[in-house]
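Just below is one structure, and these are the notes that go with it.
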Amino acid sequence: MNPAEYFSPLPNTHAKDEEIKRYAGLLDSLGIGLVVFYPDASPCLSNKVASKLIGNTPPNWVNESGQIICADELPLKRALRTSKPVFNCVMALTNDQERKNWLSVNALPVFSDNGGVRRVLLTLTDINKEKDLQSEVKKLSVRDQLTGVYNQRHVMYLLENEIHRARRYGTPFTLAQVDIDHFLLFCEKHGPEPGERVLSGIGKLLTETMREIDIAGRIGDDEFLLVLPNVSLKEAMIGLERLRMLIETQEFVSAGLRITVSGGITEYTGENSETLLERAKSLLIHAREAGRNRFCLDGDILLLEP
185 MNPAEYFSPL PNTHAKDEEI KRYAGLLDSL GIGLVVFYPD ASPCLSNKVA SKLIGNTPPN
245 WVNESGQIIC ADELPLKRAL RTSKPVFNCV MALTNDQERK NWLSVNALPV FSDNGGVRRV
305 LLTLTDINKE KDLQSEVKKL SVRDQLTGVY NQRHVMYLLE NEIHRARRYG TPFTLAQVDI
365 DHFLLFCEKH GPEPGERVLS GIGKLLTETM REIDIAGRIG DDEFLLVLPN VSLKEAMIGL
425 ERLRMLIETQ EFVSAGLRIT VSGGITEYTG ENSETLLERA KSLLIHAREA GRNRFCLDGD
485 ILLLEP
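Given below as C-alpha cells:
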C-alpha cells in the first residue's frame, strides 16, 4: 500500500493548521512530500521532501502517455473543483533536459466548520524505482536477451507498423534478412558458448551502428531482420555493405577466428508483410548459393570480394 494513502485522509478532515504541520513532519519521516494549498491554489507550506522532489522551478506535469496535463486536470484543481479527494495519480515532473521524475500524487481537501474547503493537502510519493522496474520488465518482454535486439514477436509487430506508415504517408523503407554464414558448423566445431558470444557481439554491433529509427530483431537462431525506414534500396545497400565488412573484421571469440554474414535486401513496394518477408528470404538463399559473405539485392547478386 502507498504510505501516503495509508495516512490519508487526515483522521480529522477539519484539521487545524497545527495538526497539518505535525502531519507534514510525519510524512517527512516517511520520505513522503506534502504541499498545503489555500483555496485559491496558492501554496501555504511544504515539507522538506516536497521541496526536494519539486524543486524551485515551476514544473511541467505529464501523464504516463507523456502528454502534458493541463492545469484544470491536476489533482489540486480537481480536489478544489469537486471538494473530493483525488487518489493515486501517476504523474511525472519534467525539466528542460526532458528527465522525468515520477510521482504518485494524492489531493486531500480539509474543510472549515461551515463545510467549505479551506486547505488542500497534496502528498507526493517518489515512484521512480517502480517505474524503472516496469521499464526493465517491458524491455525484457520485447528484447532478445542474448543479442539485445528485438525478439521475433516484437520485430514483426514493428514491421507491420512500418508497412501501415508507408501505405498512409507514401514513405519508403527497406527490409533486410541477414544470417551468419555456416553458424551451425561454427558451433559444432567451437561449442555453444563461442556461438553465443558471436550472436551477442553481432547484436551489440547492430545496436551501436544502426540509426536510431532503424529496427533490428532476431528471428531465428542466427537470423536477423532489419527494417530501415525512409531509405531507398540503394541507400540501404551502402549502409549494409559497411556493416557486412565491419562484421567480417571482428574477432568476437578469439584472435584470428572470424565470421561472415549473408543477406537478402528488398524494398517495400506495397505488398503485405508475408510477401515482403518471402522475397527477402529468397534473396538471402540466393546470396548463400552465390558463395556467401555477400548480399543479394532484389534480383541482382552483388558479388563482393571476401
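Residue numbers 185 to 490, in our numbering, belong to the letters of the sequence shown in order. Using N, Cα and C, we set each Cβ at its ideal position, and we do this for glycine too. Since the model is a prediction, treat every value here as computed from it, not as a measurement.
Residue i to residue j, Cα distance in whole Å?
i      : j      : result
Tyr353 : Val333 : 27 Å
Gln251 : Arg283 : 14 Å
Leu237 : Leu424 : 46 Å
Val460 : Thr307 : Per the sequence shown, residue 460 should be read as Leu rather than Val. Straight-line Cα distance between these residues: approximately 53 Å.
Gly215 : Asn231 : 10 Å
Ile397 : Val415 : 11 Å
Asn298 : Pro227 : 22 Å
Gly404 : Gln336 : 8 Å
Pro195 : Ser235 : In this predicted model, Pro195 has a pLDDT of only 42, less than 50, meaning its place in the structure is not dependable; the value taken from the coordinates is given anyway. About 25 Å.
Val246 : Val233 : 20 Å
Would you kindly report the start and end of the unbroken alpha helix (DSSP H) that includes residue i?
i      : result
Pro378 : 376 to 393
Ser319 : 312 to 326
Ala439 : Where Ala439 is concerned, there is no enclosing alpha helix (DSSP H), given that its DSSP letter is neither H nor E.
Arg265 : 259 to 266
Starting from residue i and walking both ways along the beta strand (DSSP E), at which residues does that stretch end?
i      : result
Glu202 : Per DSSP, Glu202 belongs to no beta strand (DSSP E); it is in the alpha helix (DSSP H), 201 to 213.
Gly300 : Per DSSP, Gly300 belongs to no beta strand (DSSP E) and is neither H nor E.
Thr450 : 445 to 451
Ser230 : 227 to 230
Taking 8 Å as the threshold (C-beta atoms), are residue j and residue i in contact?
i      : j      : result
Arg381 : Asp328 : no
Leu441 : Glu432 : no
Phe367 : Gly385 : no
Ser443 : Asp365 : Correcting the residue type first, residue 443 is Ile in the shown sequence and not Ser. Contact: yes.
Asp363 : Ser446 : yes
Asn272 : Ser288 : yes
Pro293 : Glu346 : no
Looking at the structure shown, is residue i part of a helix, part of a strand, or coil, going by DSSP?
i      : result
Asn345 : helix
Ala420 : helix
Ala474 : coil
Cys254 : coil
Ile469 : helix
Thr433 : helix
Tyr222 : coil
Leu330 : coil
To the nearest whole angstrom, what separates the beta carbons of residue i and residue j, a pair I think is in contact under 8 Å?
i      : j      : result
Glu451 : Thr358 : 5 Å
Leu390 : Phe408 : 7 Å
Gln361 : Ala474 : Not quite, the Cβ-Cβ distance comes to about 15 Å (not below 8 Å), so this is no contact.
Within the 8 Å Cβ cut-off, does residue i reach chain D?
i      : result
Lys236 : In summary, chain D is missing from the structure at hand, where a single protein chain is found.
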